[in-house]
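Since the structure comes first, as structure tokens, the remarks are kept for the end.
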Amino acid sequence: MIQVCRDTSDAVALYLPQRLYLKPFAKLNISVQLPTQKVHGKAISNWELMEKLRKIIQPESFSSLKVSKHSSEVIRFDAELEKRNKLETVLSRLEDRVVQLNDYPESLRVRASEAKSDFPIRYSWDSFFRDATDMDEMKPGERPDTVHISNLPIRWFIHDRARDDDAPQESIFKKVFEKYGSVRQVDVPAADPFRMQMKSSMRGITTPPQDAALYFEGYVQFSEYVSFVRCMDALRGHKLLRKKDDIAEWCTIKVDFDKTKHMTDAAVKRRGIVRERLITRQRAKDDEEKQEKDKIAKKEAKERQKHEKVERDKLERMKEREERRKRKQLAKLIQKDNVDVSSVALEEEQKLLKVQKKLQAIRLMEELFKRIEVCFVCVFCKIVPSLQF
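Take 1 as the starting number for the sequence shown in the numbering used here and just add one per residue.
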């Protein structure tokens, strides 16, 4: 678990480009003996007891304190200190102290000691490889040359500009541990996208699935035994720390020597062969999927073109119908206009005829009157002279 580290004064640089450090810490076992005579109706509060322990060691403080066992006889705590050089001081304050809890009449005695480390020592790997019957110390990976490190935060082993879902980078992982000597090869299972498709015996994965999103593990194989020893000694009793601009974080890492022949030449070659097969299979699958997608895309394009053609034909028919409708309307309008013009012309012609007839009648009457007048004058002239004689 990643925690905030308040004091980084004793941190030792590991790989500055990634701002990685190693920081020593101390682990304690604290036991509180419970009285044999139980008090009826009274229960011991773990939280209150932990607060009492924190007060006892002041001004020092625990970086971690949790209950590891609670029985009718004893309560055990696992504790950690950020400052290893304060271990003796804290132990002296805790050892054989008496704690009195509120509402509990009996006194409780405290015992404390440094926790036994489960970190492997030189005797561990020497005896393992000496007694192993299936190991050949002349071959890489079958001798003490490979360090297996787990519970490494993924975000600490990728570039700052990388995405949160990026895998840890083997190149950074290798450079970090080149501090201790020449690195022959490394393996980061989480960086291999085909690793989970291999057999479990080939994967080299021990990280629980629920932690795989945040943490990873890696194998470092050194060219020389002295580099392997130097790395193991440097990691013993330390946590991995990363400094940021305004905060420092650290976490416990699990370190062991490889006992599974994970980094032998044969194992590496076998993983490479399987990886190539998986890559070939994946490419074939991708090609097949691409062909299927292309086929579907062509089919969809054909269907789309067919649909578009149907729509275009439909629009053309609609346009033609609209044009025919417009032409019919226009023809009707023209015909109506022609009929109206003919009617007006006929009316005008009839009016003109009437006027002409009137004019003719008037002229005829005028001519008639003129003739009557002439006739009258003539007759009058004939009559008048006859009257004079």
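We put the beta carbon where it would ideally sit given N, CA and C, even for glycine.
- For residue 185, the three-state secondary structure derived from DSSP is strand.
- Under the DSSP definition of a beta bridge, residue 205 lacks any partner.
- Counting C-beta atoms within 10 angstroms of its own C-beta, residue 226 has fewer than 16 neighbours from the protein chains shown and is therefore classed as exposed.
- For residue 230, the closest alpha carbon among the candidates 248, 182 and 308 is that of 182.
- Boundaries of the beta strand (DSSP E) around residue 250: 248–251.
- Residue 142 is not bridged by DSSP to any residue.
- Using a 10 angstroms sphere on the CB of residue 23, the tally of other CB atoms reaches 16 or more, which defines it as buried.
- Taking a C-beta distance under 8 Å as the contact criterion, residue 240 and residue 154 do not qualify as a contact pair.
- Taking C-alpha positions only, residue 82 is separated from residue 120 by approximately 22 Å.
- Looking at the backbone, the Cα of residue 280 and that of residue 194 are separated by about 11 Å.
- Sorting 242, 11 and 204 by C-alpha distance to the C-alpha of residue 251 places 242 at the top.
- A check of alpha carbon separations from residue 10 across 85, 55, 80 and 381 identifies 85 as the nearest.
- Distance from the CA atom of residue 366 to the CA atom of residue 332, rounded to whole angstroms, is 50 Å.
- With distances taken between CA atoms, residue 62 lies nearest to 90 out of 90, 76, 138 and 35.
- If the five residues before and after residue 68 are omitted, its C-beta is found closer than 6 Å to the C-beta atoms of 76 and 78, all from its own chain and listed in chain order.
- Annotation for residue 203: 189, 195 and 196 place their beta carbon closer than 8 Å to its own, counting only its chain and skipping 5 residues before and after.
- A residue is called buried once 16 or more other Cβ atoms fall within 10 Å of its Cβ, and residue 8, having fewer, is exposed.
- Taking 8 Å as the cut-off, the beta carbon of residue 206 is found no closer than this to the beta carbon of residue 171.
- Burial is judged here by how many other beta carbons sit within 10 angstroms of a residue's own beta carbon; residue 294 has fewer than 16 and is exposed.
- Here DSSP, grouped into helix, strand and coil, assigns residue 148 to strand.
- Separation of the CB atoms of residue 94 and residue 74 is rounded to 15 Å, and the pair is thereby denied contact status at 8 Å.
- It is roughly 21 Å from the alpha-carbon of residue 350 to the alpha-carbon of residue 336.
- Look at residue 161 here: in three-state DSSP terms it is coil, with no helix or strand label.
- In this structure residue 271 is buried. Its beta-carbon is surrounded by 16 or more other beta-carbon atoms within 10 angstroms.
- Between residue 43 and residue 70, the alpha-carbon positions lie close to 12 Å from each other.
- With at least 16 other beta carbons inside 10 angstroms of its own, residue 50 counts as buried.
- Residue 156 sits buried, since 16 or more C-beta atoms from the chains shown fall within 10 Å of its C-beta.
- For residue 123, the number of other beta carbons within 10 angstroms of its own is below 16, and it is reported as exposed.
- Rounded to the nearest angstrom, the Cβ distance from residue 220 to residue 15 is 13 Å, too far for a contact under 8 Å.
- Within the same chain, and ignoring the five residues on either side of residue 167 in sequence, the residues whose Cβ sits closer than 7 Å to its Cβ are 190 and 191.
- The continuous alpha helix (DSSP H) containing residue 128 extends over residues 122–131.
- Excluding residues up to 5 positions away in sequence, 48 lie with their Cβ nearer than 6 Å to the Cβ of residue 101 in the same chain.
- Unbroken beta strand (DSSP E) runs of no fewer than 3 residues, entirely contained in the region 291–364, are not found.
- Counting along the chain, no alpha helix (DSSP H) covers residue 97, and no H or E run does either.
- Between the C-alpha atoms of residue 249 and residue 291 there is a straight-line separation of about 49 Å.
- By alpha-carbon distance to residue 128, the top candidate from 264, 140 and 144 is 144.
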